[in-house]
Amino acid sequence: MRCGMEGMVLAQTQTTMDPVTTAVSTHCPYCALQCEMDLASEGDRIEVGGRLCLKGWTAAETLRHPDRLLSPFARNAAGSLEAASWDSAIDRIASAIQKTQASCGRDAVGVFGGGSLTNEKAYLLGKFARVALGTSNIDYNGRFCMSSAAAGASKALGIDRGLPFPLEDIPRAEAILLVGGNMAETMPPVMQYFEAQQRNGGALIVADPRRSPTAQWATVHLALRPGSDAALANGIVHLLIRDAVIDREYIDSRTEGFDELRQLAAAYWPERVEAITGVPQRQLVEVARILGQARTSMVLTARGAEQQSRGVDNVLAFINIALALGKVGRPFSGYGTITGQGNGQGGREHGQKADQLPGYRRIDDEGDRRHVAAVWGIPEPELPGRGKSAYELIESAGEPDGIRALIVIGSNPIVSAPNASRVAERFERLDFLAVADFFLSETADLADVVLPSAQWAEEDGTVTNLEGRVIRRRRALDPPGQVRSDIEILCAIAKALGKSAHFAFGDPESVFEELRAATRGAVADYSGISYDRIEREGGVFWPCPADSHPGTPRLFETTFPTPSGRARFHAIEYLGPAEAPDEEFPFYLTTGRLLAHYQSGTQTRRVAPLLEAAPEATAEIHPHAAKRYGLVDGARLVLRTRRGSAVFTSRISPDIRPDTIFAPFHWPGESSANRLTNDALDQVSRMPEFKVCAARIETDE
Ligand code: SF4
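In the numbering used here, the protein residues as written are 808 to 1508.
Next up, the structure:
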């Protein structure tokens, strides 16, 4: 996006571009907002221009960082990683794959991808797993990010596109209910749209256990108890029905399943909902009044509601509100999810999920299999079936029917997966691990072979931002040392496995051309999108089924892509989180991101201004709780859950519920919040419960 609106105080414009160099227009490597960025380089100097947040305008510091991996590394007989040639590294990976598959079967080799990979890489990784390796076992870290929203939106609305409307619709929504999102910190420039909405007289309602920087913008802040989201949603539906502000005509003509929801919602009267959620009845009534009176309104969810073992239920429960109000598919209204990772949208569309083929095609659908097999030039029966989801893939390492070898590209699951100590144990059981990354991440540090990958500014490609707009990443400079792109890496391994005929790609555009063919006629149809069109039009919204099609900025205006053409209500009973506080572990622990860091911190913990802004892992705790434990601001704080313990620095703040502690998950080792998180999985999405578990404060050990 180009952040062109005035009055935005949370983004900064960097204008130190050297006028003698030619700037290349590309996009920030970090979050799904994908802000436009101009990069100019001369010698070792790289200048950044654009209206960006702190992470964006310091992003170029990773490009020539001294920690950059500049050649392949392989583990020697003494157990150390030492520099290796590309030929020997690729040969070693290919022989490990062949040996493992010969003795334990094709599925014994797994692939783990990432939500920051470009569309071309995500697509090629899925093809690599199925065609070069013949394994069903591929999944990616987006399973830990967007899978609940994706499953919920698909069930209720028939399609998963984060926002089914452009960001520019937000200022004209008279009311917005945002659940579990903190964009003022995670993607600050997007707040310009919410600021404009408020300037237009709109109301912003934020539901979050913390009075986060985003909640501080809110007209109403609902400090709900962690894990009580579905009860909150049902309570709001109860009041909308009671106050007769639902849109009966819309419900009758465009939806199905409302009667079951009406019966269920009858049991969520305000007193009961207050008891479950901790949200006062007067606030529930106020929120129902605001939503009921708004002519245009949006319901938005984010990871707070979604990263739970009932994350899909939570999403469905909040979609019910937007449908009951008759707002989905109406102007400046609807339901959306705020996608997190850089290519969190495109990364979940093109086949790096265990159950999916490109364009959201299903791996267990006969027609979808035939189409993709034909594009890939293989007989349909050779396409593997559904594999294990991300956490289950790792969990299976070393088990009789599990993986024995793993290839990781663009991900650091040792830090980002839940119950991290157990994940580290599982990695130790692997016979072989190969990792492609640009730094020696905590996961790469365990690998037998490490391959140096190109970064965002060193290669071409496309990403799909949080609105569903396909945009161009452009190469601004050459990769350093012996660094290669992930596309070159995958093609080289495929060649070593004797599969080069299927991986003869000269550049990212040729991969994109094949992606277009593979998605033709699919839910996420990119067949009408080309690099030329993206250049000319500044991005194209999918679905775009033909060269002459204008793209689809707004979905659901006349129908839903469901079998009946209608959206579906779901009657979701509140069941609570997998683990609630008790005498032994009396606090809720919830986790999340900070302004200065991104995901597992592999990049941002190496950028001096970001480290200066957030040098260590701090845990936020309410003054009442701190007093009980004799904690002062800045004190060492040891948290323990049933999975393990981790050490933080206390940040005492009245902005968090007294029964809840918040910890960021960007740090590894003894400050790893994911040593504490619960690996209970959502039954549908297989999303782990990152956002709720029971914890206790331990006196220093
Ligand atoms: S991190 Fe996100 S919000 Fe910040 S500059 Fe990059 S894309 Fe924009």
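Ideal Cβ positions, reconstructed from N, Cα and C, are used throughout, including at glycine. For clarity, every value in this text was computed on a predicted model and none was experimentally measured.
query	result
Relative to the C-alpha of Gly1268, which residue among Gln1289, Pro1360, Asp1293 is closest?	Asp1293
Going by the CB atoms, is the gap between Val1086 and Leu984 shorter than 7 Å?	no
Where Glu813 and Gly1136 are concerned, what is the direct C-alpha to C-alpha distance, given to the nearest angstrom?	Interpretation of Glu813 is limited by its pLDDT of 30, a score under 50 that renders its predicted location unreliable; the figure taken from the coordinates is listed afterwards. Going from the Cα of Glu813 to the Cα of Gly1136 covers about 29 Å.
Taking only runs that begin and end inside the region 1236-1315, name each unbroken beta strand (DSSP E) of 3 or more residues, in chain order.	1239-1244, 1256-1259, 1268-1271, 1276-1280
Are there 16 or more other CB atoms within 10 angstroms of the CB of Glu1423, so buried, or fewer, so exposed?	exposed
To the nearest angstrom, report how far apart Gly856 and Ala1224 are at their CA atoms.	34 Å
Note down the Cα distance separating Arg1476 from Gly886, rounded to an integer number of angstroms.	The amino acid at residue 1476 is misidentified as Arg; the sequence shows Gly. For Gly1476 and Gly886, the distance between alpha carbons rounds to 21 Å.
Determine, using beta-carbon pairs with one atom in the region 1408-1426 and one in the region 1365-1385, whether at least three such pairs fall under 8 Å.	no
Mind checking which residues open and close the alpha helix (DSSP H) that includes His1431?	1430-1435
Excluding the 5 residues flanking Ala1251 on each side, which residues of the same chain have their C-beta closer than 6 Å to its C-beta?	Val1242, Asp1244, Val1257
Whole angstroms is fine: what's the gap from Val816's alpha carbon to Glu1265's?	Here the model assigns Val816 a pLDDT of 31, short of 50, so the residue's position is not dependable, and the following value carries that caveat. Taking the straight line from one Cα to the other gives about 30 Å.
Hey, would you say the C-beta of Met994 is under 6 Å away from at least one heavy atom of the ligand SF4?	yes
Taking the alpha-carbon positions, what's the Arg1017 to Ala896 distance?	47 Å
Less than 7 Å between the beta carbons of Leu1247 and Leu1213, yes or no?	no
Examine the ligand SF4 and report whether any of its heavy atoms sits within less than 6 Å of the Cβ of Gly1275.	no
If we count the other Cβ atoms within 10 Å of its Cβ and call it buried at 16 or more, is Gln1159 buried or exposed?	buried
Roughly how many whole angstroms lie between the Cα atoms of Asp1050 and Val1044?	10 Å
Below 8 Å on the Cβ atoms is my guess for Ala1037 versus Arg1110; work out the distance and round it to an integer in Å.	Their Cβ separation, rounded to whole angstroms, is 16 Å, which puts Ala1037 and Arg1110 out of contact at 8 Å.
At which residues does the beta strand (DSSP E) containing Ala901 begin and terminate?	It is not in any beta strand (DSSP E) - Ala901 instead sits in the alpha helix (DSSP H) that spans 893-911.
With a CB to CB cut of under 7 Å and the five nearest residues on each side skipped, what residues in its chain are close to Phe785?	Any answer about residue 785 is impossible in this case: the structure gives the chain only from 808 up to 1508.
In whole angstroms, what is the alpha-carbon distance linking Phe1392 and His1429?	16 Å
Which term fits Leu940, buried or exposed, when burial requires 16 or more other beta carbons within 10 angstroms of its beta carbon?	buried
Give every residue of the same chain whose Cβ lies closer than 7 Å to the Cβ of Ala1072, excluding the five residues on either side of it in the sequence, and list them in chain order.	Asn1041, Val1044, His1045, Ile1048
Is Glu1496 helix, strand or coil when you go by DSSP?	strand
Sort out for me which residues DSSP pairs Leu1394 with in a bridge.	Looking at the sequence provided, one finds Phe at residue 1394 rather than Leu. Note: Phe1394 sits in a beta bridge opposite Ala1502.
Curious, which full-length beta strand (DSSP E) runs of at least 3 residues does the region 1102-1166 contain?	1104-1108, 1141-1144
Mark Ala1501 as exposed unless 16 or more other C-beta atoms lie within 10 angstroms of its C-beta, in which case mark it buried.	buried
Which residue or residues does DSSP assign as beta-bridge partners of Val1027?	Ile1012
For the beta strand (DSSP E) holding His1404, just list the boundary residues, first then last.	It is not in any beta strand (DSSP E) - His1404 carries neither H nor E in the DSSP assignment.
What's the C-alpha gap between Arg968 and Ala956?	9 Å
Take Ser1203 and list the residues in its own chain whose beta-carbon comes closer than 7 Å to its own, dropping the five residues that flank it on each side.	Lys1195, Gly1209, Ile1210
Which stretch, first to last residue, makes up the beta strand (DSSP E) that contains Val1044?	It is not in any beta strand (DSSP E) - Val1044 instead sits in the alpha helix (DSSP H) that spans 1036-1049.
So Asp1486 is in the beta strand (DSSP E); what residue range does that whole segment cover?	1485-1488
Go ahead and pull the three-state DSSP assignment for Ile1058.	helix
Could you tell me whether the region 1376-1386 touches the region 1060-1076, where touching means 3 or more Cβ pairs closer than 8 Å?	yes
Between which two residues does the alpha helix (DSSP H) holding Ser1218 run?	Here Ser1218 belongs to no alpha helix (DSSP H), and DSSP marks it neither H nor E.
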